[in-house]
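Shown next, in structure tokens, is the structure this report addresses.
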Amino acid sequence: MSPLSHGRSRQEAERTLAVDPLHTVAAGLTLATPEHRLPEAPLDPETAYRLVHDELMLDGNARLNLATFVTTWMEPQADALMGECRDKNIVDKDEYPRTAELERRCVAMLADLWHAPDPRAAVGCSTTGSSEACMLCGMALKRRWTRSNADRYPSREARPNLVMGGNVQVCWEKFCTYWEVEPRKVPLEGERFHIDPAAAAALCDENTIGVVGILGSTFDGSYEPIAELCAALDALRERTGLDVPVHVDGASGAMVAPFLDPDLTWDFRLPRVASINTSGHKYGLVYPGVGWALWRDEEALPEELVFRVNYLGGDMPTFALNFSRPGAQVAAQYYTFLRLGREGFRQVQQAARDVARELAGNIASIGDFRLLTRGDELPVLTFTTAPHVRAYDVFDVSRRLREFGWLVPAYTLPPDRQDLAVCRVVCRGGFSADLAARLVDDLRRLVPELRRQPRPMVDDRKTETTFHHA
0 MSPLSHGRSR QEAERTLAVD PLHTVAAGLT LATPEHRLPE APLDPETAYR LVHDELMLDG
60 NARLNLATFV TTWMEPQADA LMGECRDKNI VDKDEYPRTA ELERRCVAML ADLWHAPDPR
120 AAVGCSTTGS SEACMLCGMA LKRRWTRSNA DRYPSREARP NLVMGGNVQV CWEKFCTYWE
180 VEPRKVPLEG ERFHIDPAAA AALCDENTIG VVGILGSTFD GSYEPIAELC AALDALRERT
240 GLDVPVHVDG ASGAMVAPFL DPDLTWDFRL PRVASINTSG HKYGLVYPGV GWALWRDEEA
300 LPEELVFRVN YLGGDMPTFA LNFSRPGAQV AAQYYTFLRL GREGFRQVQQ AARDVARELA
360 GNIASIGDFR LLTRGDELPV LTFTTAPHVR AYDVFDVSRR LREFGWLVPA YTLPPDRQDL
420 AVCRVVCRGG FSADLAARLV DDLRRLVPEL RRQPRPMVDD RKTETTFHHA
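Here the sequence shown stands for residues 0 to 469, where the numbers follow numbering that gives the first Met the number 0.
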């Protein structure tokens with residue numbers, strides 16, 4: 000494929016956008032503008048806006064998108080703050096010192112929330128999302144391992160590896176590829192859809208830079224047993240002397256468990272946990288994109304990864320991968336922390352979990368579905384068709400629900416359980432009990448029709464569902 004064509008035919012490349020005459024006749028403007036090359040002349044702002052606005056109407060309704068974990072609604076006051084800060088470049092800390100201060104306060108709040116031994120000593124930063132945060136934390140793990148093995152790395156015998164469950168989000172596969180780390184995955188087995196602590200410890204050796212534990216798997220919403228994972232690695236150290244750190248990928252669960260499961264030990268209370276990431280734009284309740292990466296202390300983040308640059312007249316430490324980006328999301332995160340507080344977050348996340356549990360029960364009552372998870376951890380439920388159902392599968396369910404506007408993904412689980420396909424529903428702020436009841440009503444309406452099918456109708460599952468667990 001030519002990089003220039005991007006897969007488009009010449010006919011497509013020459014296609015034009017039709018402009019509504021009501022917007023152009025009075026001004027004597029053209030009725031068409033190129034679709035894949037710059038127009039020769041400018042458009043007036045209203046016409047340009049209308050062209051983009053009308054095309055975007057064909058997108059799905061974000062509030063009915065039950066595939067995504069990403070926040071799709073915020074209060075008007077948050078919208079206003081984001082509008083006021085979208086022109087502020089967050090890296091210009093000298094020019095926008097108060098935005099930098101809000102970022103620092105958010106890091107301190109998260110360090111306290113996640114029980115850092117000394118929240119004032121914990122270090123962290125905002126990112127564009129959890130993927131960047133995972134890259135940063137993975138880099139720190141590798142660099143710490145590299146320093147400890149400087150006498151034999153690089154060499155053929157010292158190839159760094161990272162241990163994780165087969166259910167990890169694709170960003171960890173990207174990290175291993177980009178930073179030349181061998182991924183070692185604990186396979187899924189039976190009804191266990193995430194990491195097994197003993198199996199993870201068995202994969203570790205002198206070249207292991209760390210183990211990733213996931214607090215809230217994107218595939219099914221379950222928490223991985225972080226405390227048990229740390230205990231297995233403690234036992235490994237006692238047997239072999241290997242001291243392997245843990246990173247907690249808390250993209251979703253790190254903003255749920257502190258409020259709904261306060262007695263669950265998964266964070267910096269465990270000495271083996273070196274770093275944690277989360278997505279502010281998921282259950283942190285902020286529009287995309289903002290994430291957070293935190294380290295237990297300065298020792299966990301090698302100093303050589305922190306760059307100090309003379310930027311626009313000031314000395315600025317930075318350890319994010321991205322440089323220029325708006326400060327709007329950080330301001331919105333700080334607003335959300337102030338607005339809700341611990342009790343507000345607890346109420347919002349509890350409401351989401353309550354909706355997920357009730358929805359799971361109602362779907363189970365239909366009789367055609369088997370629930371794998373019921374929203375007891377992340378407010379997420381997954382289900383597959385019951386063993387007696389032969390006429391349709393979850394891909395048919397996903398396809399037919401789209402007719403009502405619902406975006407409910409269907410997908411197969413990762414390797415070693417690719418035989419199992421599921422639907423997943425993410426319950427988050429803005430998805431109310433009333434909307435959940437409408438979803439159940441529509442599903443009940445569809446089931447009799449699906450039962451009359453001669454067979455499952457979706458043959459090419461990859462074509463039907465382009466889902467990436469975001």
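The beta carbon of each residue, even a glycine, is placed where N, CA and C say it ideally should be. No experiment lies behind these values; they were computed from the predicted model shown.
- Excluding the 5 residues flanking it on each side, residue 330 has same chain C-beta neighbours closer than 7 Å at 80, 81, 84, 98, 101, in chain order.
- Between residue 425 and residue 362, the C-beta spacing is not below 8 Å.
- Judged by pairs of C-beta atoms under 8 Å, the stretch 228-243 does not touch the stretch 166-179, as fewer than three such pairs exist.
- Residue environment for residue 56: exposed (fewer than 16 other C-beta atoms within 10 angstroms of its C-beta).
- Residue state for residue 172 is assigned as helix, using DSSP reduced to three classes.
- In the DSSP annotation of this structure, the continuous segment of the alpha helix (DSSP H) that includes residue 54 starts and ends at 44-55.
- Short of 6 Å from the beta carbon of residue 66, and not among the five residues preceding or following it, lie these beta carbons of its own chain, in chain order: 406, 408.
- Linking residue 295 to residue 43 through their CA atoms gives a straight-line distance of about 53 Å.
- With contacts defined by Cβ atoms closer than 8 Å, residue 149 and residue 214 do not form a contacting pair.
- In this structure, 402 is the residue among 443, 431, 427, 402 with its C-alpha nearest to the C-alpha of residue 59.
- Restricting attention to 122, 365, 322, the CA atom closest to the CA of residue 88 is found in 322.
- Look at residue 185 here: in three-state DSSP terms it is strand.
- Comparing C-alpha distances from residue 196 to each of 233, 156, 169, 190 shows the shortest one belongs to 233.
- Residue 373 is a Cβ neighbour of residue 380, given a cutoff of 8 Å.
- Rounded to the nearest whole angstrom, the C-alpha separation of residue 228 and residue 450 is 43 Å.
- Taking residue 143 as reference, the option from 387, 304, 113, 291 with the minimal CA-CA separation is 304.
- Assigned with DSSP and collapsed to three states, residue 164 falls in strand.
- With contact defined as three or more Cβ pairs closer than 8 Å, the stretch 127-135 and the stretch 103-117 are not in contact.
- Residue environment: residue 242 is assigned as exposed (fewer than 16 neighbouring CB atoms within 10 Å of its CB, all protein chains considered).
- Selection 110, 168, 207 evaluated against residue 158 yields 207 as nearest (Cα-Cα).
- About 6 Å separates the Cβ atoms of residue 133 and residue 171, confirming a contact at the 8 Å cut-off.
- In this model, residue 340 and residue 216 are separated by some 25 Å (Cα to Cα).
- With a 10 Å radius around the Cβ and a threshold of 16 neighbouring Cβ atoms, residue 39 comes out exposed.
- Residue range 245-248 is occupied by the beta strand (DSSP E) that includes residue 248.
- As DSSP reads the structure, residue 420 sits in a beta bridge with 411.
- Under a 10 Å Cβ-count criterion, residue 368 is classified as buried, with 16 or more other Cβ atoms of the shown protein chains found around its own Cβ.
- Note on geometry: alpha-carbon atoms of residue 392 and residue 359 lie some 18 Å from one another.
- Taking C-alpha positions only, residue 123 is separated from residue 286 by approximately 20 Å.
- In chain order, 215, 220, 251, 252, 255 place their CB closer than 7 Å to the CB of residue 377, counting only its own chain and leaving out the 5 sequence neighbours on each side.
- As a beta-bridge residue in DSSP terms, residue 213 pairs with 248.
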